[in-house]
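Position 10, counted from 1, in the sequence shown is what numbering that gives the first Met the number 0 calls 9; the numbers after and before it change by one each time, with no gaps.
Ideal placement from N, C-alpha and C gives every residue a C-beta, glycine not left out.
Below: one structure, written as structure tokens.
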Amino acid sequence: MPDSRRSVLRLDPLRAWRFVAGKVSALGAVTSPPYDVLEPAIVRRLTDSDLHNMVRLILPRDPELGSGRYDEPARRLAGWQDAGVVVQDPRPALYVYEQQLGSAVLCGLVGSLSLDPARRVVLPHEDVMPHWVDDRLKLMEATDADLEPILLAYADGGAASDAVDAARAGEPWVEAETQNGTALHRIWRIEDPAVLATISDELSKHEALIADGHHRYAAYLERQKREPGRQGTSVGLAMLVDHSRHPLTLDPIHRVIPGLDLATVGSRTPAGWQVLPGRVEGVPDRIAVTDGSSWVTVRSTAGQEAPTVSMLHGELLPAWGVIEEDITFHHALADALALAGPHQAAVELTAPRMDQVLRSAAQGVVMPQKATSFGPKPRVGLLFRTL
């Protein structure tokens with residue numbers, strides 16, 4: 000049995016909420032990608048897809064309303080519950096979630112993650128932006144729900160991963176298609192006490208990296224701090240993936256920087272860096288900068304060990320005089336390039352290596368905000384949790 004005096008990785012069963020197929024146009028039509036990858040065109044498409052699409056909950060509109068903007072999704076969720084559009088599972092379970100998109104497979108366990116404020120077993124690797132933590136917390140408080148699972152990764156899951164694979168051999172509890180039928184989502188339930196005990200014992204031997212959802216996890220911690228005695232605030236909705244058995248992809252997140260031009264990059268890049276003309280391919284750990292018509296490529300000549308994104312924020316942005324609060328972040332390079340101009344540069348990054356991410360997390364060193372994009376990401380709306 001795990002020692003109760005130390006932090007252990009715990010993912011407990013819950014009674015999840017889900018949409019009722021007969022109450023919506025299709026289960027896939029009411030789902031959404033996570034809030035932080037939603038570009039405006041995607042939001043419009045999802046909003047039009049079904050009156051019950053989850054984007055109507057996770058992206059509160061009308062910022063001018065201040066904190067009142069979170070009342071709308073709270074009322075909407077309550078209405079869906081009252082109308083039976085969403086229902087709660089009558090019995091607690093851990094849920095095996097599988098997403099297939101082409102050759103990419105996301106597979107793991109969804110449940111209630113025990114929070115770890117001391118960062119002993121749940122390890123962040125990115126910094127967070129306070130306004131986004133506050134935004135997610137206000138949404139959680141208004142809806143009294145965790146609407147989007149965070150994504151965690153661990154290695155060599157052994158008996159826990161065996162239980163996941165065994166569940167997948169049976170008939171799914173829920174199935175849904177998204178992206179015009181190119182992505183298939185399936186969910187199975189695990190409620191057998193012996194299997195749950197095996198999973199719990201295995202997970203207690205591991206640490207987990209927060210792959211996606213740092214702001215939501217920070218909001219979980221803040222909620223626990225504000226309501227320490229309330230049942231349900233010591234856990235948060237999470238998906239846990241054994242990346243040894245089901246590897247995650249690791250991509251960069253690009254930047255758009257108002258006020259930055261290529262002349263500044265050329266004249267104010269510090270010693271230890273080389274500025275090359277053009278978008279130079281094949282340069283390890285390169286940083287490419289464009290104003291929409293011309294490119295330069297910046298690379299370290301000092302034999303760096305830190306991730307490139309850390310070097311960008313630690314050395315280059317201060318030298319270029321960039322105000323970090325003005326930066327916007329874009330998962331798709333095309334979205335960043337569309338915003339580039341003579342006085343607004345797009346910065347193309349390469350992804351950190353997995354060993355750099357794991358080493359930083361194990362050492363308690365966080366990289367800059369939006370340093371990585373792990374995927375595939377769990378679809379929002381297939382399972383969620385209320386307090």
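Can you round the beta-carbon distance between V346 and I286 to whole angstroms, since I take them to be within the 8 Å contact cut?
-> As a working note, residue 346 is residue 347 in the sequence shown. As a working note, residue 286 is residue 287 in the sequence shown. About 6 Å separates the two Cβ atoms, so the contact holds.
Taking Cβ positions, are S31 and R384 nearer each other than 9 Å?
-> Looking up residue 31 in the sequence shown gives position 32. Looking up residue 384 in the sequence shown gives position 385. Not in contact: S31 and R384 (Cβ atoms no closer than 9 Å).
Bridge partners of M238, per DSSP?
-> For the purposes of this step, residue 238 is taken as residue 239 along the sequence shown, with counting starting at 1. V109 and L150.
Check whether the Cβ atoms of Y96 and L108 sit closer than 9 Å, and answer yes or no.
-> Reading the sequence shown from its first residue, position 97 is the one you call residue 96. Reading the sequence shown from its first residue, position 109 is the one you call residue 108. Closer than 9 Å, so yes.
Rounded to whole angstroms, how far is the Cβ of P296 from the Cβ of T349, which I believe are closer than 8 Å?
-> Within the sequence shown, residue 296 is the residue found at index 297, counting from 1. Within the sequence shown, residue 349 is the residue found at index 350, counting from 1. The question names Pro, but residue 296 is Thr in the sequence shown. Wrong, their Cβ atoms sit about 11 Å apart, outside the cutoff.
With DSSP run on the structure shown, which of helix, strand or coil describes I322?
-> Here residue 322 is taken as the residue at index 323 of the sequence shown, counted from 1. Looking at I322 - three-state DSSP - the assignment turns out to be coil, as it is neither helix nor strand.
Between D200, L247, H184 and E176, which lies nearest to A158 when the distance is taken from Cα to Cα?
-> Translated into positions along the sequence shown, residue 158 becomes position 159. For the residues D200, L247, H184 and E176, the minimum Cα distance to A158 belongs to D200.
Could you check if I322 is buried or exposed, using at least 16 other CB atoms within 10 Å of its CB as the buried criterion?
-> Residue numbering aside, residue 322 sits at position 323 when the sequence shown is read from its first letter. The residue in question, I322, is exposed, as its Cβ has fewer than 16 Cβ neighbours within 10 Å.
Expressed to the nearest angstrom, what Euclidean distance is found between the alpha-carbon atoms of E170 and A28?
-> If you number the sequence shown from 1, residue 170 lands on position 171. If you number the sequence shown from 1, residue 28 lands on position 29. Straight-line Cα distance between these residues: approximately 22 Å.
Can you give me the Cβ contacts of D325 inside the same chain, cut-off strictly under 6 Å, excluding the 5 residues immediately before and after it?
-> Walking along the sequence shown from the start, residue 325 turns up at place 326. Cβ neighbours of D325 beyond the five flanking positions: P257.
Same chain, Cβ closer than 8 Å to R15, neighbours up to 5 away in sequence not counted | Your numbering for residue 15 matches position 16 in the sequence shown. It should be noted that the sequence gives Ala, not Arg, for residue 15. Correct list, in chain order: Q87, D88, A92, Y94, V109, L382, F383 and R384.
Extent of the continuous alpha helix (DSSP H) to which L336 belongs = By one-based count along the sequence shown, residue 336 stands at place 337. Here the alpha helix (DSSP H) through L336 covers L332 to L336.
Can you have a look at G277 and say buried or exposed, based on whether 16 or more other CB atoms are within 10 angstroms of its CB?
-> Position 278 of the sequence shown, counted from the start, is the residue given in the question as residue 277. Looking at its Cβ environment, which holds fewer than 16 other Cβ atoms inside 10 Å, G277 is exposed.
Taking L138 as part of the alpha helix (DSSP H), name the residues at either end of that continuous run.
-> On the sequence shown, position 139 is the one that residue 138 refers to. Where L138 is concerned, the enclosing alpha helix (DSSP H) stretches over P129 to T142.
Using DSSP bridges, identify the partner residues of L93.
-> Counting from one through the sequence shown, the residue named residue 93 turns up at place 94. BP columns for L93 point to I189.
In three-state terms, what does DSSP make of A207?
-> Taking the sequence shown and counting its residues from 1, the one referred to as residue 207 is at position 208. DSSP places A207 in strand when its eight states are reduced to three.
Pull up the distance between the alpha-carbon of P375 and that of L37, whole angstroms please.
-> Along the sequence shown, read from residue 1 onward, the residue named residue 375 stands at position 376. Along the sequence shown, read from residue 1 onward, the residue named residue 37 stands at position 38. If you take the alpha carbons of P375 and L37, they lie about 15 Å apart.
Hey, which unbroken runs of the alpha helix (DSSP H) at 4 residues or more fall wholly within the stretch 242–300?
-> 261–267
Proximity of Q355 and A305 at Cβ, strictly below 9 Å | Counted from its first residue, the sequence shown places residue 355 at position 356. Counted from its first residue, the sequence shown places residue 305 at position 306. Against a cut-off of 9 Å, the Cβ pair of A305 and Q355 comes out as a contact.
Give the straight-line distance between the Cα atoms of A117 and D241, rounded to the nearest whole angstrom.
-> Indexing the sequence shown from 1 puts residue 117 at position 118. Indexing the sequence shown from 1 puts residue 241 at position 242. Answer to the nearest angstrom: the Cα atoms are 23 Å apart.
Extent of the continuous alpha helix (DSSP H) run through W79 = Mapped onto the sequence shown, residue 79 falls at position 80. Looking at the DSSP string, the run of the alpha helix (DSSP H) that includes W79 is D70 to D81.
Expressed to the nearest angstrom, what Euclidean distance is found between the alpha-carbon atoms of Q230 and L138?
-> Locating residue 230 in the sequence shown gives position 231, where the first residue counts as 1. Locating residue 138 in the sequence shown gives position 139, where the first residue counts as 1. If you take the alpha carbons of Q230 and L138, they lie about 18 Å apart.
Selected residue, minimal CA-CA separation from A207, among E140, K224, H124 and S102 = Your numbering for residue 207 matches position 208 in the sequence shown. Nearest option by C-alpha distance: H124.
What are the residues that DSSP puts in a beta bridge with S372?
-> Indexing the sequence shown from 1 puts residue 372 at position 373. In the DSSP output, where bridge partners are listed per residue, S372 has D250.
Can you find at least 3 beta carbon pairs, one from the stretch 258–271 and one from the stretch 279–294, that sit closer than 8 Å?
-> yes
Rounded separation between S6 and G156 - CA only | By one-based count along the sequence shown, residue 6 stands at place 7. By one-based count along the sequence shown, residue 156 stands at place 157. Distance between the alpha carbons of S6 and G156: 18 Å.
Report yes if the C-beta distance between P72 and P59 is below 9 Å; otherwise report no.
-> Here residue 72 refers to the residue found at position 73 of the sequence shown. Here residue 59 refers to the residue found at position 60 of the sequence shown. The answer is yes: Cβ separation under 9 Å.
Is it buried or exposed for A193, if we count other Cβ within 10 angstroms and need 16 for buried?
-> Translated into positions along the sequence shown, residue 193 becomes position 194. By the 10 Å Cβ count, A193 comes out exposed.
In angstroms with no decimal places, state the Cα-to-Cα distance between W131 and A301.
-> Here residue 131 refers to the residue found at position 132 of the sequence shown. Here residue 301 refers to the residue found at position 302 of the sequence shown. Each residue's Cα considered, the two are about 35 Å apart.
Burial state of M0 (16 or more Cβ within 10 Å) = By 1-based counting over the sequence shown, the position of residue 0 is 1. Low confidence applies to M0: its pLDDT is 38, below 50, so where it sits in the model is not reliable, and the reading given next is rough at best. That one is exposed.
Across which residues does DSSP place W16 in a beta bridge pair?
-> Sequence index remark: in the sequence shown, residue 16 carries index 17 (1-based). Paired residue(s): Q87 and F383.
Go ahead and pull the three-state DSSP assignment for T197.
-> The count along the sequence shown starts at 1 and reaches residue 197 at position 198. Residue state, collapsed to three classes: helix.
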